[in-house]
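First residue of the sequence shown: 24, per our numbering; consecutive thereafter. Glycine included, every Cβ here is placed at the ideal spot set by N, Cα and C. Only a predicted model underlies this, so the values are computations on that prediction, with no experimental measurement involved. Just below is one structure, and these are the notes that go with it.
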Amino acid sequence: MKLLFEHVQIAPDRSWKGLYRNLLAIPFEWHFHPEYELTLTLGSYGQRYVGDHIGSYGDDDLVLLGPNLPHTWHSANAQPPSASHGELRAHEAALQVAGTTKGHQAFVFWFTADWINTVCKTMPELAGLETALRLSRRGVQFDAVTARKVAAFAPVFEQGTPADQLVMLIDVLRTLLDASDLTPLASDRFDAAIPDHDDASRLGRVLDLLHGSYFEPVSSAWIARNAGMSERTLRRFFQRHMGSTIQDYLMGLRLGRAASLLLSSDMPIYRVAEEAGFQNLSHFNRQFRRHRGMAPSSFRKSRFEGILPPAATQTRHSKAR
């Protein structure tokens, strides 16, 4: 696994490019590209990784990503990251859902910064998008009501002429203006540098180690030794490219795994803590409450109520109506 560059080729006669994915599982594919990306995920749940953000996602998940922001979705039923191939979309053919069955669906809209900036400048009716565009450098999640409104366009996502599809995109962008809540995902301090080829390979090695062993006691010294660098170099390297410390990233992995188990199983909470890499139940309860804003038992109960709170470290932006 490594941070991959995705070449999004928008045709000369188009303003944007779309991608529809209907998969048995969404694999971990950590990547970036210079285009904006608006992704609607339906019928899926798992972990969402955006910059230094690691959090749970569920049905009707709508996120806008700014240029060059590393990201991936990883459904709960997918293979672990260390089992992934070394190129983007390598799993796609094997994971395609046959026929008209609906699996883990993703509707992806890509458009360039030049295009959307021109739209906002020449169409004052859409100038209100600038708030979401500004927040998208960290990744921004829209409220569920807005996500469901955008989902209404799913049946015509790949239908019609190029002009029809452009009108659909404008309608989608218009829908975003009505969003009541915008939740930034990556931390405000996140401003990770995009690595070159060699650094991307080294970063991939470090991420493989972290994702493959986060459920065990892991030290920075052990990661550094297995990654072939000094501990000091590792800390600075990871901070530069991921925008967070290794320990913060590990905590995100462990809490993300715990949240997934709480939502998808009836495993006792002490077992959830063990499976997620926590050696002490009280420490797990304390950290979960700190980052999720509620006890693990309350979080599990929320799956029946359809209410999943954002991580405590996220900032929610409510727009005046």
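Other residues of its chain near residue i: CB distance less than 6 angstroms, five sequence neighbours each side excluded
i, result
"Leu61", "Leu87, Phe132"
"Ala281", "Val295, Ala299"
"Ser89", "Strictly speaking, residue 89 in this sequence is Gly, with Ser absent from that position. Closer than 6 angstroms at Cβ, skipping near neighbours: Ser159, Arg160."
"Phe307", "Ala296, Phe301"
"Phe238", "Gly300"
"Arg323", "Leu285"
"Glu52", "Thr95, Leu111"
"Gln128", "Asn45, Leu65, Gly66"
"Leu42", "Val131"
"Val241", "none"
"Thr124", "none"
Cutoff 7 angstroms; reference residue i; Cβ partners in own chain excluding five residues on either side
i, result
"Arg37", "Pro185"
"Ala334", "Low per-residue confidence applies at Ala334: pLDDT is 45, beneath 50, and the placement is therefore not dependable enough to give any value."
"Leu152", "Cys143, Leu196, Leu199, Leu200"
"Leu331", "For Leu331, the predicted structure reports a pLDDT of 47, less than 50, and the residue's modelled location is therefore unreliable. A value from the coordinates is still provided. Here the set comprises Ser79, Gly81, Ser325."
"Gly275", "Ile77"
"Gln262", "Thr268"
"Ala174", "Leu63, Leu65, Asp83"
"Val31", "Lys40, His56, Glu58, Trp133"
"Arg277", "Tyr237, Ala299, Gly300, Phe301"
"Leu156", "Ile139"
"Ala247", "Ser253, Glu254, Leu257"
"Thr169", "Leu85, Thr198, Leu199, Asp201, Ala202"
Where the beta strand (DSSP E) through residue i begins and ends
i, result
"Phe132", "127-134"
"Phe311", "First-last for Phe311: 304-315, but that is the alpha helix (DSSP H), not the beta strand (DSSP E)."
"Glu60", "59-65"
"Thr206", "204-207"
"Gly275", "Per DSSP, Gly275 belongs to no beta strand (DSSP E); it is in the alpha helix (DSSP H), 269-287."
"Val163", "163-165"
In DSSP terms, what residue i is bridged to
i, result
"Ile77", "Tyr72"
"Trp96", "Arg71"
"Trp44", "Before going further, note that residue 44 is Arg rather than Trp in the sequence given. According to DSSP, Arg44 bridges with Ala129."
"Asp84", "Thr64"
"Phe55", "Phe28"
Sequence-distant residues of its chain with Cβ nearer than 8 angstroms to residue i (five each side left out)
i, result
"Arg344", "Any reading at Arg344 needs caution, since the residue's pLDDT is 38, under 50, leaving its predicted position unreliable; the model's value is listed next. Contacts found: Ser203."
"Leu208", "Arg71, Val73, Gly74, His76, Gly78, Val86, Arg161, Gly162, Val163, Gln164, Gln337"
"Met252", "Arg225, Phe260"
"His54", "Leu26, Leu27, Phe28, Glu29, Pro93, His94, Thr95, Leu111"
"Pro115", "Checking the sequence, you will find Glu at residue 115 rather than Pro. Contacts found: Arg44, Leu46."
"Ala250", "Arg225, Arg228, Val229, Leu232, Leu257"
"Gln119", "Asn45, Leu46, Leu47"
"Ile318", "Residue identity check: residue 318 is Ala in the sequence provided, not Ile. Around Ala318: Asn308, Phe311, Arg312."
"Ala244", "Glu254"
"Lys172", "Thr198, Asp201"
"Ala34", "Lys40"
"Gly329", "In this prediction, Gly329 has a pLDDT of 47, which is less than 50 and means its spatial position is unreliable; nothing more can be read from the coordinates."
"Met191", "Phe176, Val179, Phe180, Gly183"
"Met290", "Leu284, Glu298"
"Gly279", "Gln70, Ile77, Gly78, Ser79"
"Ser320", "Ile292"
Residue i - containing alpha helix (DSSP H), residue span
i, result
"Val190", "185-199"
"Leu156", "153-158"
"Leu118", "115-118"
"Arg37", "No alpha helix (DSSP H) contains Arg37, which DSSP labels as neither H nor E."
"Ile49", "No alpha helix (DSSP H) holds Ile49; DSSP gives it neither H nor E."
"Glu297", "292-298"
Problem - Continuous beta strand (DSSP E) assignments of at least 3 residues falling wholly in the segment 227-256 - result: Within the segment 227-256, no complete beta strand (DSSP E) run reaches 3 residues.
Problem - the segment 119-137 / the segment 48-62 touching (three or more Cβ pairs under 8 angstroms) - result: Judged by Cβ distances under 8 angstroms, the segment 119-137 makes contact with the segment 48-62, as three or more pairs qualify.
Practice task
Tell me, please, whether the segment 43-55 touches the segment 88-99 by the rule of three or more beta-carbon pairs shorter than 8 angstroms.
Solution key: In short, these stretches touch, since the Cβ pair count reaches three.
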